[in-house]
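Novice: Input: one structure, supplied below.
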Amino acid sequence: MLIKLTAGTVYDPANGVDGKKRDIYIQDGRIVSRPQDVQVDQEYDLRGKVVMAGAIDMHTHIGGGKGNIARILLPEDHRADPVVRTAVTRSGSGHAMPSTLVTGYRYAEMGYTAGFEPAVLPVNARQAHMEMADIPILDKGGYVLLGSDDYLLRMMTAKKDQQAINDYVAWTLHAAKGIAIKVVNAGGISAFKFNQRKLDLDEKNSHYDVTPRQILQTLATAVKELGITHPLHVHGCNLGVPGNVETTLDTMQGIGGLPMHLTHIQFHSYGTEGDFKFSSGGAQIVEAINRHKNITADVGQILFGQTVTASGDNMRQHANHQFASPNKWVCMDIECDAGCGVVPFKYRDQNFVNALQWAIGLEIFLLVDDPWRVFLTTDHPNGAPFTSYPHLIRLLMDRSFRNDMLATIHPEAQKMTTLGSIDREYTLNEIAIMTRAGAAKIIGLQDRGALSPGNWADITVYSDDPDREKMFARPDYVFKDGELVVRDGQVVKVTWGTTYIVKPDWDPGIEKDLQKYFDRYLTMKLGNFKISDDEFTEDGRGSLTVQPTRGGAL
Numbered sequence: 205m206l207i208k209l210t211a212g213t214v215y216d217p218a219n220g221v222d223g224k225k226r227d228i229y230i231q232d233g234r235i236v237s238r239p240q241d242v243q244v245d246q247e248y249d250l251r252g253k254v255v256m257a258g259a260i261d262m263h264t265h266i267g268g269g270k271g272n273i274a275r276i277l278l279p280e281d282h283r284a285d286p287v288v289r290t291a292v293t294r295s296g297s298g299h300a301m302p303s304t305l306v307t308g309y310r311y312a313e314m315g316y317t318a319g320f321e322p323a324v325l326p327v328n329a330r331q332a333h334m335e336m337a338d339i340p341i342l343d344k345g346g347y348v349l350l351g352s353d354d355y356l357l358r359m360m361t362a363k364k365d366q367q368a369i370n371d372y373v374a375w376t377l378h379a380a381k382g383i384a385i386k387v388v389n390a391g392g393i394s395a396f397k398f399n400q401r402k403l404d405l406d407e408k409n410s411h412y413d414v415t416p417r418q419i420l421q422t423l424a425t426a427v428k429e430l431g432i433t434h435p436l437h438v439h440g441c442n443l444g445v446p447g448n449v450e451t452t453l454d455t456m457q458g459i460g461g462l463p464m465h466l467t468h469i470q471f472h473s474y475g476t477e478g479d480f481k482f483s484s485g486g487a488q489i490v491e492a493i494n495r496h497k498n499i500t501a502d503v504g505q506i507l508f509g510q511t512v513t514a515s516g517d518n519m520r521q522h523a524n525h526q527f528a529s530p531n532k533w534v535c536m537d538i539e540c541d542a543g544c545g546v547v548p549f550k551y552r553d554q555n556f557v558n559a560l561q562w563a564i565g566l567e568i569f570l571l572v573d574d575p576w577r578v579f580l581t582t583d584h585p586n587g588a589p590f591t592s593y594p595h596l597i598r599l600l601m602d603r604s605f606r607n608d609m610l611a612t613i614h615p616e617a618q619k620m621t622t623l624g625s626i627d628r629e630y631t632l633n634e635i636a637i638m639t640r641a642g643a644a645k646i647i648g649l650q651d652r653g654a655l656s657p658g659n660w661a662d663i664t665v666y667s668d669d670p671d672r673e674k675m676f677a678r679p680d681y682v683f684k685d686g687e688l689v690v691r692d693g694q695v696v697k698v699t700w701g702t703t704y705i706v707k708p709d710w711d712p713g714i715e716k717d718l719q720k721y722f723d724r725y726l727t728m729k730l731g732n733f734k735i736s737d738d739e740f741t742e743d744g745r746g747s748l749t750v751q752p753t754r755g756g757a758l
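Residue numbers (the working numbering): 205 to 758.
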């Protein structure tokens, strides 16, 4: 079947197309060059419409035990937001942490076709993948969590060489079926278990002879040497702590030029100036990002309202539990791998700290020079649910609207931000970079995020409405792998995406020592820890897509 999308205004930054009228052809699920002497079976007239590749959320918590804990903890969230079944969709619920089916529907109804879970704990990886497999329409992938696991810290304490650590990192990616490596508060989750309540960048873990800086350098080196496209994905030390801007700047400098992605950087950009001893470090952070070309970041924008914070950083979640709203929380240990903290939270525009957090995130978005190195996220659900993205896009694209919102927040926060003096308004092309082309590039997706012939036909079509929130909340059409899945903002067909992974080379001999470790310390057997490929395909709807590594295995 040949489908023609006629005369849409195309924004395709990966191919240098910035608002040009183009015809797009789809055949057998992929975008194709204009066929010769082939009859068009179906045509969509897109005159006056905006056409982009399907959007990609490169950091969203959509799979794993922490999400299920959040769901259990907040039954009122489900009761307040029921979703009824339709002729093609099933029922569900949840605002802050939607059920799996609703997650897929709502993402697709905003024009998203892929989402990546940034904290897959290896010991819980099977559950995380099973949960993501129940999310319809979206392609998925997971960043495997290392950096506080006992085995790695033992290796580093014993001064194992870099190659041995590379083998362990690669083995973990194979076993947990990940596409990248994530670090959360390097060493800090482990330190918390030995009664440390803080851990700075150059402070030694009380139980292991290593510092967070050494962990980051070691894992960033492993990621680079294994040829994994996505840089080490780093949730830094001292999240949410006033004055942590200095730690973040030291982290950028101390990585020694290695590629590194700093996630939800808004939460790591705080100073200590002013009467409240809390101030914006956004300008300093942006200056460093602009200078250090090896650094990329997603923002983790907060938006006002009820949500829930769910993180592997049990050290910081324990410290923040006093702010829980409603007043209930969970903090737990998970085997010898890491931990988990879930704290419900309501961001308020008349709370000075919350209001300034909102402004800091927008400052970072608007001051970073290169839209290819900053990414649109709310750290769903930690800063806000992903369903708030259209509102965030309007804040970035509409200065007048942004300033109107600025005028409503806590008056002292207004005085502490430069946001009102920033004239920049994001263009549609820059939005397409942040949410499509740039996201695909940094993750390593070679056949998504662009409208090139040969790419999978993930395509979103919007009406060009000056109210950008309205525009991005309800696309006219969404195609997933060439099939129409959304029309007029409603799911009309349910499909199932693929799971992206990498398979770098590793020395199988590492399993000899791992076997001894598992037998002595863990409750799970080594053989059960490893996820097989056929676990993704046995239900008949899932699939695996292996992204190549530079010099690694396919």
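C-beta atoms are modelled at their ideal positions from N, C-alpha and C, and glycine is treated no differently. Note that this is a predicted model, so its numbers are computed, not measured.
Can you pull the DSSP bridge partners for residue 226?
Specialist: Position 22 of the sequence shown holds residue 226. The partner list for residue 226 (beta bridge, DSSP) reads 212.
Novice: Beta-carbon separation of residue 563 and residue 631 under 9 Å?
Specialist: As a working mapping, residue 563 is identified with position 359 in the sequence shown. As a working mapping, residue 631 is identified with position 427 in the sequence shown. No, these two residues do not count as a Cβ contact at 9 Å.
Novice: Please identify the residue among 735, 640, 544 whose C-alpha is closest to the C-alpha of residue 258.
Specialist: For this step, residue 258 is matched to residue 54 along the sequence shown. Comparing Cα-Cα distances from residue 258 to each of 735, 640, 544, the minimum goes to 640.
Novice: Residue 692: buried (16+ other C-beta within 10 angstroms of its C-beta) or exposed?
Specialist: Within the sequence shown, residue 692 is the residue found at index 488, counting from 1. When all chains shown are included, residue 692 counts as exposed.
Novice: To the nearest angstrom, report how far apart residue 756 and residue 382 are at their CA atoms.
Specialist: As a working note, residue 756 is residue 552 in the sequence shown. As a working note, residue 382 is residue 178 in the sequence shown. Because the pLDDT at residue 756 is just 45, under 50, the model does not fix this residue reliably, and the point stays unresolved.
Novice: Using C-beta distances below 8 Å, list every residue in its chain close to residue 758, excluding the 5 sequence neighbours before and after it, in chain order.
Specialist: The count along the sequence shown starts at 1 and reaches residue 758 at position 554. Below a pLDDT of 50, predicted positions are generally treated as unreliable, and residue 758, at 35, falls in that range; the measurement from the model is reported next regardless. Result list for residue 758: 707, 750, 752, in chain order.
Novice: Could you give the residue range of the beta strand (DSSP E) that holds residue 465?
Specialist: As a first step, residue 465 is located in the sequence shown; it is residue number 261 there, counting from the start. Counting along the chain, the beta strand (DSSP E) containing residue 465 begins and ends at 464-466.
Novice: Closest by CA to residue 219, which one among 246, 499, 654?
Specialist: By one-based count along the sequence shown, residue 219 stands at place 15. Among 246, 499, 654, the Cα nearest to that of residue 219 belongs to 654.
Novice: Using beta-carbon positions only, say whether residue 684 and residue 292 come within less than 9 Å of one another.
Specialist: The count along the sequence shown starts at 1 and reaches residue 684 at position 480. The count along the sequence shown starts at 1 and reaches residue 292 at position 88. Cβ distance not < 9 Å, so residue 684 and residue 292 don't count as in contact.
Novice: Cβ of residue 643 within 9 Å of Cβ of residue 359?
Specialist: Start at 1 with the first residue of the sequence shown, and residue 643 comes out as number 439. Start at 1 with the first residue of the sequence shown, and residue 359 comes out as number 155. Against a cut-off of 9 Å, the Cβ pair of residue 359 and residue 643 comes out as no contact.
Novice: Straight-line CA distance for residue 400 to residue 554?
Specialist: Against the sequence shown, residue 400 aligns to sequence position 196. Against the sequence shown, residue 554 aligns to sequence position 350. Approximately 33 Å, taken between the alpha carbons.
Novice: With DSSP run on the structure shown, which of helix, strand or coil describes residue 712?
Specialist: Counting from 1 along the sequence shown, the entry for residue 712 is found at position 508. Residue state, collapsed to three classes: coil.
Novice: Taking the alpha-carbon positions, what's the residue 329 to residue 479 distance?
Specialist: Reading the sequence shown from its first residue, position 125 is the one you call residue 329. Reading the sequence shown from its first residue, position 275 is the one you call residue 479. Rounded to the nearest angstrom, the two C-alpha atoms are 45 Å apart.
Novice: Under the three-state reduction of DSSP, which class applies to residue 313: helix, strand or coil?
Specialist: Walking along the sequence shown from the start, residue 313 turns up at place 109. Three-state DSSP puts residue 313 in a helix.
Novice: Since residue 549 is in the beta strand (DSSP E), which residue starts that stretch and which ends it?
Specialist: Taking the first residue of the sequence shown as 1, we reach residue 549 at position 345. Start and end: 542-551.
Novice: Using the rule of at least 16 other Cβ atoms within 10 Å of the residue's Cβ for burial, across every protein chain shown, is residue 579 buried or exposed?
Specialist: Working through the sequence shown from its first residue, we reach residue 579 at position 375. Burial call: buried.
Novice: Which two residues bound the contiguous beta strand (DSSP E) that contains residue 569?
Specialist: Residue mapping note: residue 569 aligns to position 365 of the sequence shown, counting from 1. That residue, residue 569, is in no beta strand (DSSP E); its alpha helix (DSSP H) goes 556-571.
Novice: Would you tell me roughly how many angstroms separate the C-alpha atoms of residue 602 and residue 670, rounded to the nearest one?
Specialist: For this step, residue 602 is matched to residue 398 along the sequence shown. For this step, residue 670 is matched to residue 466 along the sequence shown. Their backbone Cα atoms lie some 9 Å apart in a straight line.
Novice: Please list the segments of the alpha helix (DSSP H) lying wholly inside the region 477-515, counting only runs of 4 or more residues, in order along the chain.
Specialist: Fully enclosed alpha helix (DSSP H) runs of 4 or longer: 486-495.
Novice: Could you spell out the range, first to last residue, of the alpha helix (DSSP H) harbouring residue 643?
Specialist: Here residue 643 corresponds to residue number 439 of the sequence shown, with the count starting at 1. Unbroken alpha helix (DSSP H) run through residue 643: 642-647.
Novice: Could you pull out every unbroken alpha helix (DSSP H) segment of at least 4 residues lying fully inside the region 624-695, listed in chain order?
Specialist: Here the runs fully enclosed are 632-636, 642-647, 672-677.
Novice: Could you check the C-alpha separation between residue 289 and residue 486 for me, to the nearest Å?
Specialist: The residue you call residue 289 lines up with position 85 of the sequence shown. The residue you call residue 486 lines up with position 282 of the sequence shown. About 44 Å.
Novice: Can you look up residue 429 in the DSSP assignment and give me helix, strand or coil?
Specialist: Sequence index remark: in the sequence shown, residue 429 carries index 225 (1-based). Helix.
Novice: I'd like to know if the region 325-341 and the region 267-280 are in contact, where contact means that at least 3 CB-CB pairs between them fall below 8 Å.
Specialist: Enough Cβ pairs lie closer than 8 Å, so yes.
Novice: Verify whether the separation of the beta carbon atoms of residue 704 and residue 343 is less than 9 Å.
Specialist: By one-based count along the sequence shown, residue 704 stands at place 500. By one-based count along the sequence shown, residue 343 stands at place 139. It is a contact, given that the beta carbons lie within the stated cut-off.
Novice: In the DSSP assignment, find the alpha helix (DSSP H) that holds residue 595 and state where it starts and stops.
Specialist: Within the sequence shown, residue 595 is the residue found at index 391, counting from 1. From DSSP, the alpha helix (DSSP H) with residue 595 extends over 593-601.
Novice: Would the beta-carbon of residue 665 fall within 9 Å of that of residue 341?
Specialist: Counted from its first residue, the sequence shown places residue 665 at position 461. Counted from its first residue, the sequence shown places residue 341 at position 137. No, the pair does not count as a contact, with Cβ atoms beyond the cut-off.
Novice: Is the CB-CB distance between residue 380 and residue 548 below 9 Å?
Specialist: For the purposes of this step, residue 380 is identified with residue 176 of the sequence shown, where counting begins at 1. For the purposes of this step, residue 548 is identified with residue 344 of the sequence shown, where counting begins at 1. Contact flag unset, no.
Novice: For residue 295 versus residue 281, is the C-beta distance shorter than 9 Å?
Specialist: On the sequence shown, residue 295 is found 91 positions in, with the first residue counted as 1. On the sequence shown, residue 281 is found 77 positions in, with the first residue counted as 1. In this structure, residue 281 does not lie closer than 9 Å to residue 295 by Cβ.
Novice: Which residue marks the beginning of the beta strand (DSSP E) containing residue 345, and which one marks its end?
Specialist: Locating residue 345 in the sequence shown gives position 141, counting from the first residue. Run containing residue 345: 343-349, per the beta strand (DSSP E) assignment.
Novice: Report the residue from 724, 391, 320 whose alpha carbon sits nearest the alpha carbon of residue 517.
Specialist: Position 313 of the sequence shown, counted from the start, is the residue given in the question as residue 517. Cα-wise, what sits closest to residue 517 is 391.
Novice: According to DSSP, simplified to helix, strand and coil, what is residue 424?
Specialist: Taking the sequence shown and counting its residues from 1, one reaches residue 424 at position 220. If DSSP states are grouped into helix, strand and coil, residue 424 belongs with the helices.
Novice: Which one or two residues does DSSP pair with residue 261 in a beta bridge?
Specialist: As a position in the sequence shown, residue 261 is number 57, starting the count at 1. For residue 261, which the question treats as bridged, DSSP gives the partners 319.
Novice: Taking only the alpha-carbon atoms, compute the straight-line gap between residue 232 and residue 689 and give it to the nearest angstrom.
Specialist: Here residue 232 is taken as the residue at index 28 of the sequence shown, counted from 1. Here residue 689 is taken as the residue at index 485 of the sequence shown, counted from 1. Rounded to the nearest angstrom, the two C-alpha atoms are 15 Å apart.
Novice: Between the region 603-614 and the region 461-479, are three or more C-beta pairs nearer than 8 Å?
Specialist: The answer is no - the region 461-479 does not touch the region 603-614, with fewer than three Cβ pairs under 8 Å.
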